[in-house]
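Here is the structure we will look at, set down as structure tokens.
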Amino acid sequence: MSIVNAKEILVKATQEKYAVGAFNITNLIQLEAVVEVHIDKKAPLIIQTSVTPSKFLGREVLVAIYRTLAESAPIPICLHLDHCREVDYCKKCADAGWTNIMIDASREPFEENIRQTKEVVEYCHRIGNISVEGELGTVSGVEDQIKVVEDEAALCDPQQALEFVERTGIDLLAPAIGTAHGVYKTKKPQVDFERFGKIAQLINDQGIRAPMVVHGGTGLPPDYVAKLIELGGSKFNVSTDLKRTLIDATYDYVSEHRDEYNPGKIDVVVKDAIKEKVIYWIDMLGSPGKA
Ligand code: 13P
5 MSIVNAKEIL
15 VKATQEKYAV
25 GAFNITNLIQ
35 LEAVVEVHID
45 KKAPLIIQTS
55 VTPSKFLGRE
65 VLVAIYRTLA
75 ESAPIPICLH
85 LDHCREVDYC
95 KKCADAGWTN
105 IMIDASREPF
115 EENIRQTKEV
125 VEYCHRIGNI
135 SVEGELGTVS
145 GVEDQIKVVE
155 DEAALCDPQQ
165 ALEFVERTGI
175 DLLAPAIGTA
185 HGVYKTKKPQ
195 VDFERFGKIA
205 QLINDQGIRA
215 PMVVHGGTGL
225 PPDYVAKLIE
235 LGGSKFNVST
245 DLKRTLIDAT
255 YDYVSEHRDE
265 YNPGKIDVVV
275 KDAIKEKVIY
285 WIDMLGSPGK
295 A
């Protein structure tokens, strides 16, 4: 039985200074590719779904597939709902069987963010072994229904982060530190490492209260990733990389085999391409062998 919540996996990762990949999937091929690689590499896994794919695929269907794959897997696997802005939908997904829920009220004023986040935390903790991620500050870029232009992005204040964790009781904190959803326009994104380290220290130095999440994984240079792990980052969210791999691999295959009508062959090629991308990520995060 390897159905777990995210905090269970991430406390160990934070202590041992490696990170767990949290991969956004939009279809079954991606999901299977991600799971198979993690089993091969004996690595703990967080599968993520944004709100739109969760509605498109259907909550019950998604959870049934997750449970079927996770229950027979010899590694811990968490199913995470990413960037949900509606408290009620967070509760619906918790009821359906997601094991980690992210309530993203980061664009609300501080007190309202606390109110909504706390409501989701209390609900999830009451109904089961479900951990909750909250965000403070706003991460720029586009992720599903969340669109934040760079000028409106706000970095997370360390003292407020501590207050946020204490008053909401969240299990994981996603502080905005300058990383962005989507593709970085520069090779050297402006990431505020000092801020990230300070937040991690304030929250987790006297025992791990809320493992730290890094959003906007795609395009982060390997030395940034290593530094963020060293400073206390234990969950890295990766979405755009998998979407691009899926679309590019499909396009390349179909372009080269214009007269072939065999979806199974496309699936094999796409799955292999996604596996390669996931291997790149988990080797960089140091999670192989940690399950
Ligand atoms: P990327 O799309 O930049 O990988 O970001 C993913 C993410 O942070 C999802 O929450």
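Under the numbering used here, the letters of the sequence shown match residues 5 to 295, in that order. C-beta atoms are modelled at their ideal positions from N, C-alpha and C, and glycine is treated no differently.
Delimiting residues of the beta strand (DSSP E) encompassing residue i
| i | result |
| --- | --- |
| N104 | 104-107 |
| L224 | Looking at the DSSP string, L224 is not in any beta strand (DSSP E), and its letter there is neither H nor E. |
| I52 | According to the sequence as given, residue 52 is Gln; it is not Ile. That run of the beta strand (DSSP E) goes 49-53. |
| P267 | Here P267 belongs to no beta strand (DSSP E); instead the alpha helix (DSSP H) covers 267-289. |
| N208 | No beta strand (DSSP E) holds N208; the alpha helix (DSSP H) holding it covers 197-208. |
| V218 | 216-218 |
| P78 | Unbroken run through P78: none, as it is neither H nor E. |
| V8 | From DSSP, V8 is part of no beta strand (DSSP E); its letter is neither H nor E. |
| L140 | 135-140 |
| P193 | Looking at the DSSP string, P193 is not in any beta strand (DSSP E), and its letter there is neither H nor E. |
Test item: CB-CB of residue i and residue j under 9 angstroms
| i | j | result |
| --- | --- | --- |
| F240 | V217 | yes |
| V242 | G173 | no |
| G236 | T183 | no |
| L246 | I278 | yes |
| F168 | I134 | no |
| I13 | P80 | yes |
| V143 | A178 | yes |
| A26 | A10 | yes |
| V187 | T244 | yes |
| C88 | C94 | yes |
| I51 | L35 | yes |
| I286 | V15 | no |
| Q194 | F114 | no |
| K202 | T249 | no |
| H296 | W102 | Limits of the chain in this structure are 5 at one end and 295 at the other, which puts residue 296 out of reach. |
| P48 | K294 | yes |
| I131 | A98 | yes |
| S6 | A74 | yes |
| D175 | P215 | yes |
| E147 | S54 | yes |
| L159 | G141 | yes |
| K269 | I33 | no |
| L61 | A100 | no |
| R71 | K96 | no |
Start and end residues, alpha helix (DSSP H) containing residue i
| i | result |
| --- | --- |
| D86 | Element bounds for D86: not the alpha helix (DSSP H) but the beta strand (DSSP E), 81-88. |
| S259 | 244-260 |
| E40 | 32-45 |
| P162 | 162-172 |
| A98 | 91-100 |
Chain C within 9 angstroms of residue i, Cβ atoms only
| i | result |
| --- | --- |
| T53 | The structure shown contains no chain C; it holds only a single protein chain. |
*Near the ligand 13P, which residues have their beta-carbon closer than 6 angstroms to a heavy atom?*
Here the residues come out as N28, D86, H87, E147, H185, G186, H219, G220, G221, T222, N241, V242, S243, T244, D245.
*At least 3 beta-carbon pairs within less than 8 angstroms: the segment 13-22 vs the segment 253-267*: With a cut-off of 8 angstroms on Cβ pairs, the segment 13-22 is not in contact with the segment 253-267, counting fewer than three such pairs.
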